[in-house]
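Trainee:
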Amino acid sequence: MPTRNPLRWLVHWADWFEMRGVYVPGEDNRTVDPWRDFGWLIVAWLAGLGVFILFFALAV
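Here the sequence shown stands for residues 9 to 68, numbered as in my numbering.
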């Protein structure tokens with residue numbers, strides 16, 4: 009039976025963003041793709057937002 013670890017889900021989700029491509033320093037001739045260049049930041053922001061909402065939902 010697979011374990012249900014939310015941290016593993018976050019790492020898997022962030023790895024999915026990285027598999028789509030990673031920013032290479034010096035590659036300035038292309039447009040910025042937020043999903044590719046800021047995948048970890050987006051995952052961290054969404055996880056923080058989820059914890060924030062969950063905290064206030066349980067506080068009521």
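All C-beta atoms, glycine included, are put in the ideal place defined by N, C-alpha and C.
By Cβ distance below 7 Å, which residues in the same chain neighbour E26 in space, the five residues on each side in sequence not counted?
Mentor: G47
Trainee: Comparing C-alpha positions only, which one of A52, F63, L66 and T39 sits nearest to L18?
Mentor: A52
Trainee: In three-state DSSP terms, what is D23?
Mentor: helix
Trainee: Quick one: Cα of W24 to Cα of D45, how far?
Mentor: 12 Å
Trainee: Closest by CA to R16, which one among L66, T39, P42 and A55?
Mentor: For R16, the closest alpha carbon among the candidates L66, T39, P42 and A55 is that of A55.
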